[in-house]
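Right, one structure below, let's go through it.
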Amino acid sequence: MQPILIVGSGLAGYTLLKEIRKRDSTTPVTLVTADDGVFYSKPNLSNALAAGKSAAALAGASPEKMAADFGATVKPRTRVLAIDTTRRRVQTDQGELGYGKLVLALGADPIPHGLSGSAAGDVLAVNDLADYAAFRRAIEGKRRVAVLGGGLIGCEFANDLAQAGFAVDVVHLGAWPLERLIPPEAGERLADSLAALGVTWHFGRSAKSVEPDAGGYRLVLDDGSAVVAEVVLSAIGLRPRVQLAQAAGMQVGRGIRADRLLETSAADVYALGDCAEVDGANLPFVQPLLVQARALAATLTGTPTAVAYPAMPVMVKTPAQPVAVLPPKAGVAGGWQVDCGEGGVCALHLGKAGEMQGFVLTGSETGRRTALLKQLAA
Ligand code: FAD
Numbered sequence: 047m048q049p050i051l052i053v054g055s056g057l058a059g060y061t062l063l064k065e066i067r068k069r070d071s072t073t074p075v076t077l078v079t080a081d082d083g084v085f086y087s088k089p090n091l092s093n094a095l096a097a098g099k100s101a102a103a104l105a106g107a108s109p110e111k112m113a114a115d116f117g118a119t120v121k122p123r124t125r126v127l128a129i130d131t132t133r134r135r136v137q138t139d140q141g142e143l144g145y146g147k148l149v150l151a152l153g154a155d156p157i158p159h160g161l162s163g164s165a166a167g168d169v170l171a172v173n174d175l176a177d178y179a180a181f182r183r184a185i186e187g188k189r190r191v192a193v194l195g196g197g198l199i200g201c202e203f204a205n206d207l208a209q210a211g212f213a214v215d216v217v218h219l220g221a222w223p224l225e226r227l228i229p230p231e232a233g234e235r236l237a238d239s240l241a242a243l244g245v246t247w248h249f250g251r252s253a254k255s256v257e258p259d260a261g262g263y264r265l266v267l268d269d270g271s272a273v274v275a276e277v278v279l280s281a282i283g284l285r286p287r288v289q290l291a292q293a294a295g296m297q298v299g300r301g302i303r304a305d306r307l308l309e310t311s312a313a314d315v316y317a318l319g320d321c322a323e324v325d326g327a328n329l330p331f332v333q334p335l336l337v338q339a340r341a342l343a344a345t346l347t348g349t350p351t352a353v354a355y356p357a358m359p360v361m362v363k364t365p366a367q368p369v370a371v372l373p374p375k376a377g378v379a380g381g382w383q384v385d386c387g388e389g390g391v392c393a394l395h396l397g398k399a400g401e402m403q404g405f406v407l408t409g410s411e412t413g414r415r416t417a418l419l420k421q422l423a424a
């Protein structure tokens with residue numbers, strides 16, 4: 047019997063394996079992954095520094111333990127190079143493997159920063175545990191870090207670094223942090239709280255080049271101003287890994303296109319997690335991939351189950367000013383109603399009839415999210 051073949055050992059791949067084993071202990075499952083296959087929780091990467099946790103402390107079960115615990119074959123350091131959907135085989139750098147069902151849980155790549163300059167190759171990005179170990183080595187004994195991008199991950203790293211005592215510059219193209227998700231009043235509150243912690247903001251700016259400069263780097267911005275830092279961290283966003291699927295003839299958009307059963311345009315090939323665009327939406331967060339993994343495990347073990355998401359707020363891990371965001375559905379007509387209190391900001395996205403479509407809460411207002419979710423469900 048050909049196995050279920052899962053590609054990827056991130057939260058999507060390993061959660062799917064666990065969910066399959068909750069339902070079925072006999073179907074052979076093989077998981078291959080390009081990295082070392084050690085289980086870890088990626089969200090911890092952007093708040094481990096101030097908590098004093100090293101990369102080693104974030105590492106969970108080894109691939110051998112995952113294989114033993116979940117009755118699977120786990121092949122670390124095995125990169126899939128090509129997929130043949132007709133012969134139902136994948137080509138890896140360790141040889142060929144056959145599959146009955148193939149699941150792509152490939153994650154996403156950092157968007158290239160595009161900086162010019164002789165130090166462009168020194169700019170770091172943190173997207174997995176190995177990157178985090180390299181980042182920790184790079185900041186050892188240093189004081190000044192420049193962060194490119196004031197989105198979710200950029201803000202989290204800025205908070206973590208500042209809390210750990212680093213002087214942090216954030217270069218951000220938007221007029222306030224997280225500008226695509228939250229209204230200006232909430233953005234200003236977040237920016238002010240991080241500034242109070244030691245973050246210097248460069249709003250409306252992008253970095254153009256980076257050159258070595260007296261033991262560190264000189265980052266030149268688009269207005270000609272310069273930021274000097276000892277480490278430069280890029281957090282300008284991620285893009286789903288679609289190349290393998292595309293080369294195998296599958297439909298891709300922003301992510302690998304899949305329907306609500308997580309099936310791609312190729313028969314018996316499924317996609318979930320950061321690499322997937324499920325029913326038109328790429329949702330690169332943990333909660334959606336947990337819901338997807340549960341549904342897909344049911345489908346793969348004989349009970350076709352369409353993914354159905356509950357309301358899934360995103361919590362931004364910025365302890366200086368925590369933010370909870372439930373974005374309104376794409377394309378809905380409405381606007382923000384913003385209430386600013388001493389402890390935080392409460393912004394409700396309201397439709398024409400005053401119905402709530404989403405919310406943004408900061409600071410102590412985040413405590414209202416459960417009640418608002420109930421209100422939304424009702
Ligand atoms: P990944 O974890 O990227 O796993 C992809 C896997 O595919 C890897 O094992 C890789 O080696 C493997 N792979 C790729 N290509 C190949 C190939 N060709 N052959 C074999 N293997 C391959 N979300 C939240 O909801 N809350 C948070 O607080 C939060 N914080 C975050 C903080 C940071 C710093 C980052 C970067 C993300 C954060 N996210 C957060 C997003 C969340 O972590 C991701 O949505 C989730 O971890 C994605 O899991 P994944 O398994 O889809 O991808």
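If you're matching positions, the sequence shown starts at 47 in this note's numbering and goes up one per residue.
From the three backbone atoms N, C-alpha and C, an ideal C-beta is built for every residue, glycine too.
Taking 6 Å as the line, does the beta carbon of residue i fall inside it for any heavy atom of the ligand FAD?
i, result
"S100", "no"
"T320", "This sequence places Asp at residue 320; Thr is not what is there. Because some heavy atom of the ligand FAD lies under 6 Å away, the Cβ of D320 counts as near it: yes."
"V53", "yes"
"N328", "no"
"I35", "For the chain, the structure presents residues 47 to 424; residue 35 sits outside this window and is missing."
"I199", "yes"
"A151", "yes"
"G56", "yes"
"S92", "yes"
"V332", "yes"
"L111", "Sequence check: residue 111 is Lys here, not Leu. Not under cutoff, so the answer is no."
"P89", "yes"
"K188", "no"
"N205", "no"
"R125", "yes"
"K363", "yes"
Thinking residue i and residue j are a contact (beta carbons under 8 Å), I'd like their distance in whole angstroms, please.
i, j, result
"V84", "G106", "7 Å"
"D215", "V273", "5 Å"
"L453", "L77", "This structure does not reach residue 453, given that the chain is present from 47 up to 424, and the question cannot be answered."
"T408", "Q367", "5 Å"
"L227", "A204", "Not quite, the Cβ-Cβ distance comes to about 16 Å (not below 8 Å), so this is no contact."
"G250", "L224", "With a Cβ gap of about 15 Å, G250 and L224 do not count as contacting."
"V298", "A304", "10 Å between Cβ atoms; not a contact."
"L318", "L148", "Between L148 and L318 the Cβ distance is about 12 Å, and since that is not below 8 Å, they are no contact."
"L175", "L279", "Contact doesn't hold; Cβ gap of about 16 Å is too wide."
"Y178", "Q48", "Y178 to Q48, Cβ: 36 Å. No contact."
"T131", "A294", "6 Å"
"A399", "E65", "At roughly 39 Å, the Cβ-Cβ gap does not stay under 8 Å, so A399 and E65 are not in contact."
Between which two residues does the alpha helix (DSSP H) carrying residue i extend?
i, result
"M112", "109 to 115"
"L284", "It is not in any alpha helix (DSSP H) - L284 instead sits in the beta strand (DSSP E) that spans 284 to 286."
"F203", "198 to 209"
"L290", "289 to 293"
"A341", "332 to 346"
"G59", "57 to 69"
"R183", "175 to 185"
Out of the options, which has the shortest C-alpha to C-alpha gap to residue i?
i, options, result
"V371", "T347, V332, T412, Y355", "T412"
"M402", "G244, S255, A424", "A424"
"D81", "G153, K99, Q137, A376", "G153"
"G397", "G377, G387, V391, G295", "G377"
"A58", "V277, A379, H248, F331", "F331"
"R123", "T138, T131, L243", "T138"
"S255", "A344, S164, L284", "S164"
"Q289", "I282, R300, Y86, S280", "R300"
"R285", "L127, A96, E276, P158", "P158"
"G211", "P156, Q421, V245, R340", "V245"
"A281", "V120, A192, A94, A327", "A192"
"V126", "Q48, G141, Q421", "G141"
"G200", "G54, G283, A114", "G283"
"G326", "R306, V315, R135, T345", "R306"
"P350", "A341, A357, S100", "A341"
"M189", "A179, E202, Q209", "It is Arg, not Met, that sits at residue 189 in the sequence shown. Nearest C-alpha to R189: Q209."
"L346", "G233, D314, Y355", "D314"
Start and end of the beta strand (DSSP E) containing residue i?
i, result
"F405", "402 to 408"
"K254", "253 to 259"
"D130", "126 to 130"
"L148", "147 to 150"
"R264", "262 to 267"
"E323", "322 to 324"
"G413", "Premise fails: G413 is in no beta strand (DSSP E) and is neither H nor E."
"A154", "154 to 156"
"L396", "391 to 396"
"S87", "Note, S87: premise wrong, no beta strand (DSSP E); not H, not E."
"G233", "Here G233 belongs to no beta strand (DSSP E); instead the alpha helix (DSSP H) covers 230 to 242."
"A304", "302 to 304"
"A275", "272 to 275"
Check whether the Cβ of residue i sits closer than 6 Å to any heavy atom of the ligand GTP, and report yes or no.
i, result
"T79", "With respect to the ligand GTP, the structure offers nothing, as its ligand set consists of the ligand FAD."
Quiz item: Given 8 Å as the limit, is there contact between the stretch 158 to 170 and the stretch 96 to 105, that is, 3 or more CB pairs closer than that?
Solution: The stretch 158 to 170 vs the stretch 96 to 105: no contact.
Quiz item: Does the stretch 52 to 72 touch the stretch 313 to 325, meaning 3 or more C-beta pairs lie closer than 8 Å?
Solution: With the cut-off at 8 Å, the stretch 313 to 325 and the stretch 52 to 72 touch.
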